[in-house]
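Numbering (mature numbering (1 follows the signal peptide of the UniProt record, and there is no 0)) for the sequence shown: -22 to -1, 1 to 411.
Working notes, beginning with the structure itself.
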Amino acid sequence: MKRRSLLSITLASVLGIGSVLAYQSDAFASKLSDLQNQKKNVESKSSTIKSDINEKDEGIKEIQGKQNTLENELASLDIKIATTDEQIQEKQQQIKEAQQAIDKLKTEISVLKKRIEERNQLLDQRARAIQTNGGSSVNFLDVILGSDSFADLLDRMSAVTTLVNADKQIIEEQKKDQAELEKKQADVEKKLKTLEEMQAKLQSMKIEMNQQKARKNQIMKELGKQKKQLENDKLSLEEEQSILSAQKSAIEKAIKLEKDRIAEQERLEKQRQRQRQQQQSQHSYSGGGSSSDTPPVSSGSFMRPAQGYISSEFGNRSFDADGFHSGIDIAKGGTVPIVAAGDGVVTRSYFSSSYGNAIFITHSVNGQIYTTVYAHMSSRLVGDSTPVHKGQIIGYMGSTGQAYGQHLHFEFYVGPWTASHSNAVNPRNYISF
Ligand SMILES: [Zn+2]
């Protein structure tokens, strides 16, 4: 579909072919706040478009309402027009009947007129014959003279009179009939006129209704166009919306990467701060020694516990009672802080005749227990059960217990401490000195 290809072109041009990838790789360069602003912009655009879409939807709904109303009006107009057509046909039928009635009446009247005319002529002839004494049909004088007696004469005269009167009466009746017919004709003509007027009125009603229908159809067409336009607008907005939502998810991805990066930075920064704080606290513990008094915090789980040189390695040694040195010795002059070799908990902080001031720390690394021992210290700074961090000062180098000169005797056990030192290992296996 055309629309779809348009969308993909628009998408590609807005995001750019590698835009999502660019977001990912450039995310580190882009500030989180910039990304969040971009996201806000996209969201606000998106919500504007959403309200635009709602507006279009309302427009479409409104037009649909109007279309429904118009459709109803058109339907009822169609019914009215059909009814009017029926009425017009009815009137036409009535007009036809009236015209036929008028024609019939006219014929009857003309027949009657002719008959009256003929009768009149006959009577005229008869009257003339009687008066002029030369009529062909009846000779009045013959009638009188031909009578046998006076009684006969009277009879004959009476017969003539009766004959004349009868003719006259017929004429009167016929004239009356004619008048009635003419009145009827006038009535029918009047009725015809009314019918024709009604028909004309119906015709003009029909014309008016057809005009209304045409107007409504025109409006309907216009509404259809408007609706189509709104629907097109809505589709474009929806396309824009889907582009924006793609942008939004790309930005969100970039924000997540940026946040992860910041979190990692913060973690590293905290670690550095902690190391700095530890170095500072070493200052206060050592009462003004330099920061170089504590060994630098190395990476890994364990670090060297004190500054100084290795005066004695782990292993066989002739002068120890059992001929074996179970730890490593670190020696240095002056005030030398001793630090925890790793994160852990102080399991013992005490004075022994052999170890002198000694601290045992238990460490847990990936589920494995290790124990470190710090002996011959001049003083201890942490008590039993104290959690300690790698690099935290726990005491100071000394020569308490069975020691010859100031040094730290440092032991390293895999597992818990044992009096036989059987599980003691060379600290160099875990720490580079
Ligand atoms: Zn030693």
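All residues carry an ideal CB built from backbone N, CA and C; glycine is no exception.
Assignment of beta-bridge partners to D307 by DSSP yields S290 and H387. Within the model, the alpha-carbon separation for H399 versus I233 is close to 54 angstroms. Annotated as distal: M183 and K69, with beta-carbon spacing of 8 angstroms or more.
Straight through space, the alpha carbons of L359 and T313 are spaced by roughly 14 angstroms. Per the Cβ contact rule, the region 359 to 368 is in contact with the region 313 to 327 (3 or more Cβ pairs under 8 angstroms). By alpha-carbon distance to K28, the top candidate from Q243, L215, S290 and M281 is L215.
Around the beta carbon of T349, 16 or more other beta carbons lie within 10 angstroms, which makes this residue buried.
Ligand 1 has a heavy atom closer than 7 angstroms to the beta-carbon of G305. Residue nearest to A224 within the set D12, N15 and E21 is E21 (criterion: CA-CA distance). Within the region 322 to 404, the runs of beta strand (DSSP E) that reach at least 3 residues and sit entirely inside it are, in chain order, 322 to 330, 334 to 343, 346 to 355, 371 to 374 and 385 to 392.
Within its own chain, the residues whose Cβ lies closer than 8 angstroms to the Cβ of K17, once the five positions on either side in sequence are excluded, are K226, I229, E230 and I233, listed in chain order. Scanning its chain for C-beta atoms nearer than 6 angstroms, with the 5 sequence neighbours on each side dropped, one finds around G37 the residues L208, in chain order. Annotation for P274: no beta strand (DSSP E) segment contains it, and DSSP assigns it neither H nor E.
Taking the Cα of D56 as reference, the smallest distance to any Cα among N195, Y408, E291 and S220 is reached at N195.
A contact between stretches requires three or more CB pairs, one per stretch, nearer than 8 angstroms, and the region 386 to 395 meets this requirement with the region 278 to 296. The beta carbons of D307 and S331 sit no closer together than 8 angstroms. Cα atoms of Q256 and I371: separation of roughly 8 angstroms, rounded to the nearest angstrom. Looking at the backbone, the Cα of Q380 and that of M355 are separated by about 11 angstroms.
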